[in-house]
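4 protein chains.
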Amino acid sequence: MKIIISQTGDQPIYAQIAVQIKHQIFNGILQSGDALPSIRKLAKELKVSVITTKRAYEELEKEALIRTVAGKGTFVTAHDQFFLHEKRVEELKEKLGPAIREAKEIGLSLQEVTALVETIFREEAP
Amino acid sequence: MKIIISQTGDQPIYAQIAVQIKHQIFNGILQSGDALPSIRKLAKELKVSVITTKRAYEELEKEALIRTVAGKGTFVTAHDQFFLHEKRVEELKEKLGPAIREAKEIGLSLQEVTALVETIFREEAP
Amino acid sequence: MKIIISQTGDQPIYAQIAVQIKHQIFNGILQSGDALPSIRKLAKELKVSVITTKRAYEELEKEALIRTVAGKGTFVTAHDQFFLHEKRVEELKEKLGPAIREAKEIGLSLQEVTALVETIFREEAP
Amino acid sequence: MKIIISQTGDQPIYAQIAVQIKHQIFNGILQSGDALPSIRKLAKELKVSVITTKRAYEELEKEALIRTVAGKGTFVTAHDQFFLHEKRVEELKEKLGPAIREAKEIGLSLQEVTALVETIFREEAP
DNA sequence: GTGGTCTAGACCACG
DNA sequence: GTGGTCTAGACCACG
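This is the structure we're talking about:
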């Protein structure tokens, strides 16, 4: 499983794992019903503790993106496109919201903000 | 000094203080050369530990927005409009950047992102 | 043999099998002396491991509801109506007991509890 | 803090702790805003691991009964009587439900069930 | 093999 | 002092 962990401590390891798996689900790399690696296998692969991988899976379970069956393993929840789209937009709003609120506090106009958004959008590697 | 602290723990208190002072500088409420309250005075006023206000001022010093002179007090750094504008845009980019990167990962087009930005911009209280 | 297994993990599979066979005995679908399917046959039918069906039968043997005769098979124990009635009430008490104990801890009166029981009884599909 | 732990393994320790604190909240022994012991203090007192007490507190946080503030401690959530009553009845239904469903499967009438409930209610120590 | 739970330490940020 | 996170082991139930 392709997951990159940064030990620089800016974000808990379990959160880094969770968010990357989440994105794999969002992008269809992991699909409904797909089995995730066992918490122990993934722990070995990433060289972290079992508790850390378990914690990551717990986060995703809270969001109903995966489902753990004791003794069986962990699987991507069956979900339709609508559910995923909702999840994605919700997540995006949570991140864009504070930034835009701040832009307004700073006194930027809508035009200035969208211009900045466009610049950043184009800057980033496609 | 007008600073509102949320004890709900979603953000460290020192960071809340720092960001609010920063915004007062950005918005001209605090201007070049203005004296800030002493860390002890501010601590009393906000009913927090002196360590907390000290930490907040340290953050702002790192960003060169304020300057502490031993035995005299703490003052807003002399800065021109260009410097402040740069700071503001830099800060905004740091927040918008990850959100926009994510929007692209999710597969949203520039049009969809700007539409979402506009919606959020209009939603927020002016 | 009519047994429905839920893979959702809320209850061990062996327990699901055991309880459903138990209910078939209680309700007379399985009667004294009736032969149960062999653990291997049942395992195939339900698509579970032989270990699982064996474990289920062991549970029922502990309760003296079935009896395994080496080389012959497994049979519903000879029992009279009194024995079965006792078993049923005993089982029910085990489940109702903790709930009612809790109701008292919470401070509900007998009237309130029986009212709640009546509501739930009527709610459930007959 | 008065909490009794059974090591017999029928229920995880963290769940035992959580349920007993929950009952103290329900019964007014712990009231809105009251501080709970720190996870480390409680761990020492109960002679369990810190992770176990933390896990217990996490369970209660999921149910919005307590609130943890990093660096401050853990507190009983401000809640009104209506909220608590709802919680209590909800919990009770979850326990009574399966038992009553079973009673019906066994073929008991509402009268028989309520009679049994009454017997158990009176049997238990007041 | 799978998860579930637990221990007894550790280091960190915040205050 | 407070939580938050993590490790490197362990034993268990289920299958």
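As they're listed, the protein sequences go chains A, B, C and D.
For the first sequence, our numbering assigns the number 3 to the initial residue and increments by one for each residue that follows.
For the second sequence, our numbering assigns the number 3 to the initial residue and increments by one for each residue that follows.
For the third sequence, our numbering assigns the number 3 to the initial residue and increments by one for each residue that follows.
For the fourth sequence, our numbering assigns the number 3 to the initial residue and increments by one for each residue that follows.
No residue lacks a Cβ here, since even glycine has one placed at the ideal position from N, Cα and C.
Is the Cβ-Cβ distance between residue i and residue j less than 7 Å?
i	j	result
S34 of chain A	A66 of chain A	no
V78 of chain B	L48 of chain B	no
A105 of chain C	V119 of chain C	no
I55 of chain C	L44 of chain C	Checking the displayed sequence, the identity of residue 55 of chain C turns out to be Thr instead of Ile. Their beta carbons are under 7 Å apart, which means T55 of chain C touches L44 of chain C by this criterion.
F28 of chain C	R90 of chain C	yes
In chain order, what residues of the same chain have a beta carbon less than 7 Å from the beta carbon of residue i, not counting five sequence neighbours either side?
i	result
L62 of chain C	A20, I23, K24 and I68
Q18 of chain B	I7 and S8
I5 of chain B	I19, Q22 and L48
Cβ of residue i less than 7 Å from any chain A Cβ?
i	result
V50 of chain B	no
L112 of chain B	yes
I101 of chain B	It should be pointed out that residue 101 of chain B corresponds to Ala in this sequence rather than to Ile. Taking Cβ atoms only, chain A reaches closer than 7 Å to A101 of chain B, which makes this a yes.
If we ignore side chains and look at the alpha-carbon of each, how far apart do residue i and residue j end up?
i	j	result
L38 of chain A	L110 of chain D	45 Å
E125 of chain B	L94 of chain A	15 Å
G30 of chain C	E107 of chain D	12 Å
H87 of chain C	M3 of chain C	24 Å
Q26 of chain B	F85 of chain B	15 Å
I122 of chain D	E60 of chain D	33 Å
G99 of chain D	E96 of chain B	52 Å
T70 of chain B	P14 of chain B	22 Å
L112 of chain D	E92 of chain A	47 Å
Q83 of chain D	K64 of chain D	19 Å
R42 of chain D	T10 of chain C	35 Å
I12 of chain C	D12 of chain A	What sits at residue 12 of chain C in the sequence shown is Asp, not Ile. Rounded to whole angstroms, D12 of chain C to D12 of chain A spans 37 Å at the Cα level.
Using 8 Å for Cβ pairs, my map puts residue i next to residue j. What's the rounded Cβ distance?
i	j	result
Y16 of chain D	A58 of chain D	4 Å
A101 of chain B	A117 of chain A	Contact doesn't hold; Cβ gap of about 16 Å is too wide.
Can you name, in chain order, every residue of its own chain whose Cβ lies under 8 Å from the Cβ of residue i, other than the five neighbours on each side?
i	result
S51 of chain D	A45
G75 of chain A	A37, L38 and S40
Say whether chain B places a C-beta atom closer than 7 Å to the C-beta of residue i.
i	result
V119 of chain A	yes
L98 of chain A	yes
A17 of chain A	no
A66 of chain A	no
Between residue i and chain C, is there a C-beta pair that is closer than 7 Å?
i	result
I122 of chain D	yes
E61 of chain D	no
E107 of chain D	yes
R42 of chain D	no
Hey, is residue i's beta-carbon within less than 7 Å of any beta-carbon in chain D?
i	result
G30 of chain C	no
H25 of chain C	yes
L94 of chain C	yes
A160 of chain C	Not covered by the structure: residue 160 of chain C. The range shown for chain C is 3 to 128.
T10 of chain C	no
T116 of chain C	yes
R69 of chain C	no
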